[in-house]
Structures are given as structure tokens and as C-alpha cells.
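Student:
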Amino acid sequence: MKLDENGCRFREVSRLIKPPTAQAGGPLTLETFRFDNSANYDIINTFHSIGTVATFAAGLLNPNDTEKVKKMKVLVSDQLSDVGIKIFQETPGIDVDVNMGLTPEELIEIIGQYDGLAIRSATRLTADVIAAADSLKVIGRAGIGLDNVDIPAASKRGIVVMNTPEGNTITTAEHAMAMMMALSRNIPQATASLKEGKWEKKKLKGRELFSKTLGLIGAGHIGRIVAERAKAMKMKVIVFDPYIKPQAVERLDLEPVTLEELLARADYITIHTPKTDETAGMINKDTLAMMKPGAMLINCARGGIVNEEDLFDALQSGHLGGAALDVFAVEPPAETPLMTLNNFICTPHLGASTTEAQDNVAKDVAEQIVAYLLHGSVKNAVNVPSLSSELMSTLRPFVTLVERMGAVQAQLTESAIVQAQIDYSGAVTEYDVTPLTTAMLKGLLTPILKDDVNFVNAPHIAEDRGIKVVESKSSTSEDFSSLVKLTVKTLEGENVVSGTIFGKKLPRILRINDFYLEAIPEGHNLLIQNEDTPGAIGQKKTGNAMSFF
Numbered sequence: 249m250k251l252d253e254n255g256c257r258f259r260e261v262s263r264l265i266k267p268p269t270a271q272a273g274g275p276l277t278l279e280t281f282r283f284d285n286s287a288n289y290d291i292i293n294t295f296h297s298i299g300t301v302a303t304f305a306a307g308l309l310n311p312n313d314t315e316k317v318k319k320m321k322v323l324v325s326d327q328l329s330d331v332g333i334k335i336f337q338e339t340p341g342i343d344v345d346v347n348m349g350l351t352p353e354e355l356i357e358i359i360g361q362y363d364g365l366a367i368r369s370a371t372r373l374t375a376d377v378i379a380a381a382d383s384l385k386v387i388g389r390a391g392i393g394l395d396n397v398d399i400p401a402a403s404k405r406g407i408v409v410m411n412t413p414e415g416n417t418i419t420t421a422e423h424a425m426a427m428m429m430a431l432s433r434n435i436p437q438a439t440a441s442l443k444e445g446k447w448e449k450k451k452l453k454g455r456e457l458f459s460k461t462l463g464l465i466g467a468g469h470i471g472r473i474v475a476e477r478a479k480a481m482k483m484k485v486i487v488f489d490p491y492i493k494p495q496a497v498e499r500l501d502l503e504p505v506t507l508e509e510l511l512a513r514a515d516y517i518t519i520h521t522p523k524t525d526e527t528a529g530m531i532n533k534d535t536l537a538m539m540k541p542g543a544m545l546i547n548c549a550r551g552g553i554v555n556e557e558d559l560f561d562a563l564q565s566g567h568l569g570g571a572a573l574d575v576f577a578v579e580p581p582a583e584t585p586l587m588t589l590n591n592f593i594c595t596p597h598l599g600a601s602t603t604e605a606q607d608n609v610a611k612d613v614a615e616q617i618v619a620y621l622l623h624g625s626v627k628n629a630v631n632v633p634s635l636s637s638e639l640m641s642t643l644r645p646f647v648t649l650v651e652r653m654g655a656v657q658a659q660l661t662e663s664a665i666v667q668a669q670i671d672y673s674g675a676v677t678e679y680d681v682t683p684l685t686t687a688m689l690k691g692l693l694t695p696i697l698k699d700d701v702n703f704v705n706a707p708h709i710a711e712d713r714g715i716k717v718v719e720s721k722s723s724t725s726e727d728f729s730s731l732v733k734l735t736v737k738t739l740e741g742e743n744v745v746s747g748t749i750f751g752k753k754l755p756r757i758l759r760i761n762d763f764y765l766e767a768i769p770e771g772h773n774l775l776i777q778n779e780d781t782p783g784a785i786g787q788k789k790t791g792n793a794m795s796f797f
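Read in order, the letters of the sequence shown are residues 249 to 797 in my numbering.
1) Starting from residue 772 and walking both ways along the beta strand (DSSP E), at which residues does that stretch end?
2) Let me make sure I understand the geometry here. Which of 681, 576, 704 and 505 has the alpha-carbon closest to that of residue 631?
3) Helix, strand or coil for residue 458, going by three-state DSSP, please let me know.
4) Measuring only the C-alpha atoms, how far is residue 327 from residue 368?
5) Measuring straight from C-alpha to C-alpha, what distance separates residue 429 and residue 350?
6) Going by Cα to Cα distance, which pick from 482, 558 and 550 is closest to residue 598?
7) How should residue 472 be labelled, buried or exposed, when 16 other C-beta atoms within 10 angstroms of its C-beta is the threshold for buried?
8) Helix, strand or coil: which one does DSSP assign to residue 310?
9) Count the C-beta pairs between the segment 485-496 and the segment 462-476 that are closer than 8 Å, then say yes if the count reaches three, no if not.
10) Just curious, the alpha helix (DSSP H) that residue 477 is in, first and last residue?
11) Taking DSSP as the reference, what is the three-state secondary structure of residue 650?
12) Report all residues from its chain with a CB closer than 6 Å to the CB of residue 503; omit the five preceding and five following residues, and keep chain order.
13) Quick one, which of 381, 578 and 407 has its alpha-carbon nearest residue 395's?
14) Between the C-alpha atoms of residue 743 and residue 659, what's the straight-line distance to the nearest angstrom?
15) Give the DSSP-derived three-state secondary structure of residue 728 in the structure shown.
16) Thinking C-alpha only, which one of 560, 386 and 650 is nearest residue 584?
17) In angstroms with no decimal places, state the Cα-to-Cα distance between residue 573 and residue 434.
18) To the nearest angstrom, how far is it from the Cα of residue 764 to the Cα of residue 772?
19) Would you give the residue range spanned by the alpha helix (DSSP H) that residue 400 belongs to?
20) Does the Cβ of residue 437 have 16 or more other Cβ atoms within 10 Å, making it buried, or fewer, making it exposed?
21) Rounded C-beta distance between residue 412 and residue 604? I'm assuming under 8 Å.
22) Could you name the residues of the same chain whose beta carbon sits closer than 6 Å to that of residue 442, not counting the 5 residues immediately before and after it, in chain order?
23) Tell me where the beta strand (DSSP E) around residue 369 begins and ends.
24) Kindly give me the distance between the Cβ atoms of residue 453 and residue 515, rounded to whole angstroms, as I take these residues to be in contact under 8 Å.
25) Express the C-alpha separation of residue 655 and residue 776 in angstroms, rounding to a whole number.
26) Can you tell me whether residue 370 is buried or exposed, with buried defined as 16 or more other CB within 10 angstroms of its CB?
27) Between which two residues does the beta strand (DSSP E) containing residue 767 stretch?
28) List in chain order: all unbroken beta strand (DSSP E) runs of 3+ residues lying wholly within the segment 580-633.
29) Nearest by alpha-carbon distance to residue 761: which of 770, 753 and 737 is it?
30) With residue 756 as the anchor, note down where its alpha helix (DSSP H) starts and where it stops.
31) Can you tell me which of 621, 644, 405 and 475 puts its alpha carbon nearest to the alpha carbon of residue 685?
32) Mind listing, in chain order, the continuous alpha helix (DSSP H) runs of no fewer than 4 residues lying wholly within the segment 531-582?
33) For residue 721, I'd like the list of residues in its chain whose CB is within less than 7 Å of its CB, leaving aside the five on either flank, ordered along the chain.
34) Could you give the first and the last residue of the continuous beta strand (DSSP E) run that contains residue 671?
35) On the premise that residue 667 lies in contact with residue 733, defined as a C-beta separation below 8 Å, what is that separation, rounded to the nearest angstrom?
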């Protein structure tokens, strides 16, 4: 470690003196004192040989201080509504460039100069592109799908990836309902027939939605809106969603069922799930065969959830009454036999394509990127816990505390870290503590990796290093309104550090192993372990090592 041009400032020092003549195994004593502005860091280097130096981050720079914070550069690389571009242009502290239609090579060449990137579906952020993004802090997708972003690569580089799931929920849900009604009443076929001069009333007879059973695969934001609309049309709604408790589904006045039961009972099935390893190809030959004869399938979620070849077979055989797809495994879709079927209708990924939705997602993504770059507020991130600016304001003292507790642990550690266990007690457990655990890992890893670690990639780095992370919560804390204890196990033993918040925003270290103290975790702190033997302090005060005080 080195001094900067202004020198080091020490707020508080807790020392446990260990003279060269001390006997091993003796008790240790703690002495706390305060001093200012050392002119020579060699003092610390001298004591490092007999103890442990614990340094802490100097604190967070206020992003609203425009004199100290450089303007953040944002690139908009896809078509974005003017509403979003205007937000970037009118926000102090943000410089925005709109540069669409870039080739991967062109994007790689310029991406390194930007702090934020706003995209839609056209820009493909591969690992190669992300590797060139030296300054990139956040990627914002105007929309939901992130199939075009290598999220693991972004996470390892410490880049927050956000989407805007709420901006187009109404629009997508309405499109699913429109597809269901168009499919039921043969509207596309009737339009084409009439434009050809035909009058085919009997041939194009449809069916009612009234009293039919709708099966929802996925009951997230969009699925729930579809359910509301369907119930207004007097349909019965059943739901399969393994990630929502049945009681929560019932509170929505919906019926939770298994996938098998849904396939067997539903007259209509709509899909409202992301494409994951679990959902890819979910609707295939086997599940289609389980569907009720004459049932209709609608997918306005993600391409690839429905096996299109198997769907063609089910439609051609007459097992299914019809299907409507807004999304395809490959977009635009290659030549597919589905297009030859009269009981199949489709649209070119129009689920979110309304003026209102495009304005909404553009506004959302711009506001989210600005909030993160200027205020550290995280919303709708897919690779880091989301925190509103209000919640961040509440948790910021704890973030500071646990990050610096992690830094202490890193510098107490003399061998490979095996496990980090963080125990939360008291009022802090009323909040989602996941961001705090991440902050702890950042503090634990930063002294080792420096700038290579941040709040996004810290969990990934810990996992790569084989560090087991254990988190526990207890609603009661005997001595403090909130208490955090961090136990770090290494190949050679373990160390314990505890801390709390005094008042509303004053972090304090209360314990280091068996020693109880009250230390302010800021500036530089000096911790020296010594044996408690008679005359040790006196000997040390006259020794060379302490002569500088």
C-alpha cells in the first residue's frame, strides 16, 4: 500500500501489543488511541511484520456532486422512442450518443468509451463485445427479452443488466387476448377470403370464449393481466406456475393445477414464461398429445418454448383446433410448413409493438440507466438485486458496514477462504439482505482483486474461487437494534467480525474475534495483535517500532 499525495489520515487505532519477547499463548490486551496524518507509511510497514493492518474504503462519493463526478456517456444502439432519448439529453451528468445499425466490429471498436448502453433486440452483446466494454457499467434493454445479451459474461465483467418488464405488460397481454379471439373467430382467414371476393360464412364459423377454460402457463405480470381479461369474458382460468405458491394463486381467485391437469382440461392455453433451460421446448410432441382434442394454443412469450415441427403435426392431424404464434425460434422465421395451415395464424413479434408500449419502455430504460449511473439505484436488474433509491438510502449504512467488515476479514485472513457466513439479527432482517451479502463479498474480495470486483460480479467471483456463502437471519438481537456477524473460515482457522449501525447511519465495528471495541470503519485503521504479558506496553513504548508515536 502507498500514500497518496495528501498522506494518510488515521481516525482510530485499536492495537494489541506483541513485543518480540512475549510468550506464545498468553492473553492479549487491547489499547485504542487516535492520531492524525502520518507522513510516512513505512510506520505501517514496520508494524505489519508483527500484526495485521486493516484498511477501509474512504467512503462513497456523492454522485450529485457534479464538480467531482465526470459526465457519464450513454450509447443508444437500437431504435428507441424519442421519449427515452429526451430523458438522456435533458439529464445533467449524462452525455448521450445515438448510433444505430452498428456491426459487431464497429460496436467493439467504440463500446469501450461508454458507461451505459441502451438497446432493444437488434444489438447482439456477445462475450467478445462485452470484453471490449472497459468502462461499461450498465446495459438497459427497452423491453423484456434478453436473449441477445450474454448475461454471464456481463456479470463477470461487473456490468448490471436491466430490462423493462412493466412497460409493455398491458400491450403484450392484450395481444395474447387479440390472438385468442382472432383464432377463435377466424378473423385473419375471413379478411383474406373477403379481400379475394369470396363470401365463406359457413366455412369460417368460429367458437365463443364464454364459459371456456383458459390455461395459463406462467402467472407473472402478463399472465395475471390475461387472467383478468379472460375472467371479464366469463372464462374459467386455471394456472400452472411452479414458482408461485398455490396459496398465492388462489388469492388471485385463480385455480392452481399441475401442468398435466392444465393440458388435459384447458380449451385454450396461453404461454407467459421466459425462455429458460426448463421452458425451452416445453410444448412438444408429448405435451401436445396431452392437450384436450380441439384445444387452441397461443404463444406471445418467447420463441423456442413451442417445438414448431411438433406443433405442425398436431395441427395437421386435427388434434389441435388451432394455434397462434407471435414469436418463433428463429426470427424472422425460415420457411415453415406452419404457414400452409388454415388453422394457424401468426404475427411478426408484435406483442410489445404499440405506440404506448414503446414510449413506456423507452422512458423506463432511460430512467433506470440514469438512476444507476448517477445514484446507484438498481431497478429491474436480472443479475443483481434491485434496489430503489429510497431503499438504498435506508440500507446504505449497512452496505457500508458489511463491505468494510468484509475488508477487515480479508486482511485478517492468511490462507485461502473456504466459507463466509453472515448472520443478520434484529431490525435489518425486515429488509431483503441479499444486497448486503453481496456488499460483504465485495469487501472481502476487493483487497485481493482490487478494481476487478464490484457489486455485480462479487458473487460470481466467490463461486469461482470455491467460497461457500452462508446467510442466516434472526428477528431478535439482544444488545442492539440490528447486529451483523461475519465469520470467515479459512484453511487454517476462522475469524469473527461483528458490527452495527449507531443511530441511523453510523457504522461501527464492535468485535474482532474475542475482542470487543467500538471502531469507526473509515480511513486507515491499524490493528496489531500482541501477547498480554507484564511490561509489554512499557517495553514497546521504548522500542523502535513505537518510537514514531
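C-beta atoms are modelled at their ideal positions from N, C-alpha and C, and glycine is treated no differently.
What you are looking at is a predicted structure, and each value in this text was computed from that prediction instead of being measured.
Tutor: The structure says:
1) In the sequence shown, the residue the question calls residue 772 occupies position 524. Secondary structure note for residue 772: its beta strand (DSSP E) is the uninterrupted segment 772-775.
2) The sequence position of residue 631 within the sequence shown is 383, counting from 1. For residue 631, the closest of 681, 576, 704 and 505 by C-alpha to C-alpha distance is 704.
3) Position 210 of the sequence shown, counted from the start, is the residue given in the question as residue 458. Residue 458: coil per DSSP, three-state reduction.
4) Position 79 of the sequence shown, counting from 1, holds the residue named residue 327. Position 120 of the sequence shown, counting from 1, holds the residue named residue 368. Their Cα atoms are separated by approximately 7 Å.
5) Here residue 429 refers to the residue found at position 181 of the sequence shown. Here residue 350 refers to the residue found at position 102 of the sequence shown. Residue 429 and residue 350: Cα-Cα distance of roughly 39 Å.
6) Along the sequence shown, read from residue 1 onward, the residue named residue 598 stands at position 350. Ranked by how close their Cα comes to the Cα of residue 598, the residues 482, 558 and 550 have 550 in first place.
7) As a working mapping, residue 472 is identified with position 224 in the sequence shown. With 16 or more other Cβ atoms within 10 Å, it is buried.
8) Taking the first residue of the sequence shown as 1, we reach residue 310 at position 62. Because the pLDDT of residue 310 is 44, which lies under 50, any placement of that residue in the model is unreliable, and the question is left without a value.
9) The segment 485-496 is in contact with the segment 462-476.
10) As a first step, residue 477 is located in the sequence shown; it is residue number 229 there, counting from the start. Residue 477 -> alpha helix (DSSP H) spans 469-480.
11) Your numbering for residue 650 matches position 402 in the sequence shown. Here DSSP, grouped into helix, strand and coil, assigns residue 650 to helix.
12) Taking the first residue of the sequence shown as position 1, residue 503 is located at position 255. Taking residue 503 as the centre and dropping the five residues before and after it, the same chain places the C-beta of 486 closer than 6 Å to its C-beta, in chain order.
13) Taking the first residue of the sequence shown as position 1, residue 395 is located at position 147. When C-alpha distances from residue 395 are compared across 381, 578 and 407, the shortest belongs to 578.
14) Your numbering for residue 743 matches position 495 in the sequence shown. Your numbering for residue 659 matches position 411 in the sequence shown. Each residue's alpha carbon lies about 10 Å from the other.
15) Along the sequence shown, read from residue 1 onward, the residue named residue 728 stands at position 480. Here residue 728 sits in coil by DSSP.
16) To locate residue 584, count along the sequence shown from 1; it is residue 336. When each option's Cα is compared against that of residue 584, the closest is 560.
17) One-based indexing of the sequence shown puts residue 573 at position 325. One-based indexing of the sequence shown puts residue 434 at position 186. When rounded, the distance between both Cα atoms is 14 Å.
18) Here residue 764 refers to the residue found at position 516 of the sequence shown. Here residue 772 refers to the residue found at position 524 of the sequence shown. Straight-line measurement puts the Cα of residue 772 at about 19 Å from the Cα of residue 764.
19) Reading the sequence shown from its first residue, position 152 is the one you call residue 400. First-last of the alpha helix (DSSP H) with residue 400: 399-404.
20) Reading the sequence shown from its first residue, position 189 is the one you call residue 437. Buried, because 16 or more other Cβ atoms sit within 10 Å of the Cβ of residue 437.
21) Position 164 of the sequence shown, counted from the start, is the residue given in the question as residue 412. Position 356 of the sequence shown, counted from the start, is the residue given in the question as residue 604. Rounded, the Cβ-Cβ distance is 13 Å, inconsistent with contact.
22) Here residue 442 is taken as the residue at index 194 of the sequence shown, counted from 1. Excluding its 5 nearest sequence neighbours in each direction, residue 442 has no C-beta neighbour in its own chain below 6 Å.
23) By one-based count along the sequence shown, residue 369 stands at place 121. DSSP places residue 369 in no beta strand (DSSP E); its state is neither H nor E.
24) By 1-based counting over the sequence shown, the position of residue 453 is 205. By 1-based counting over the sequence shown, the position of residue 515 is 267. Rounded, the Cβ-Cβ distance is 16 Å, inconsistent with contact.
25) By one-based count along the sequence shown, residue 776 stands at place 528. By one-based count along the sequence shown, residue 655 stands at place 407. If you draw a straight line from the Cα of residue 776 to the Cα of residue 655, it is about 16 Å long.
26) Here residue 370 refers to the residue found at position 122 of the sequence shown. Exposure of residue 370 is indicated by the presence of fewer than 16 other C-beta atoms within 10 angstroms of its C-beta.
27) Counting from one through the sequence shown, the residue named residue 767 turns up at place 519. It spans 763-767 - the beta strand (DSSP E) in which residue 767 sits, taken as one unbroken run.
28) Considered as a whole, the segment 580-633 harbours 592-594 as its complete beta strand (DSSP E) runs of no fewer than 3 residues, in chain order.
29) If you number the sequence shown from 1, residue 761 lands on position 513. Shortest Cα-Cα distance from residue 761 to any of 770, 753 and 737 involves 737.
30) Counting from one through the sequence shown, the residue named residue 756 turns up at place 508. Counting along the chain, residue 756 falls outside any alpha helix (DSSP H), though it belongs to the beta strand (DSSP E) covering 754-760.
31) Within the sequence shown, the letter at position 437 stands for residue 685. Comparing C-alpha distances from residue 685 to each of 621, 644, 405 and 475 shows the shortest one belongs to 644.
32) Taking only runs of at least 4 residues, the alpha helix (DSSP H) segments lying wholly in the segment 531-582 are 533-538 and 556-564.
33) In the sequence shown, counting from the first residue as 1, residue 721 sits at position 473. If we look at residue 721 and ignore the five residues flanking it on each side, its Cβ neighbours are 672, 677 and 681.
34) The residue given as residue 671 occupies position 423 in the sequence shown. Run containing residue 671: 665-674, per the beta strand (DSSP E) assignment.
35) Reading the sequence shown from its first residue, position 485 is the one you call residue 733. Reading the sequence shown from its first residue, position 419 is the one you call residue 667. A Cβ-Cβ distance of about 14 Å is found for the pair residue 733 and residue 667, leaving them out of contact under the 8 Å criterion.
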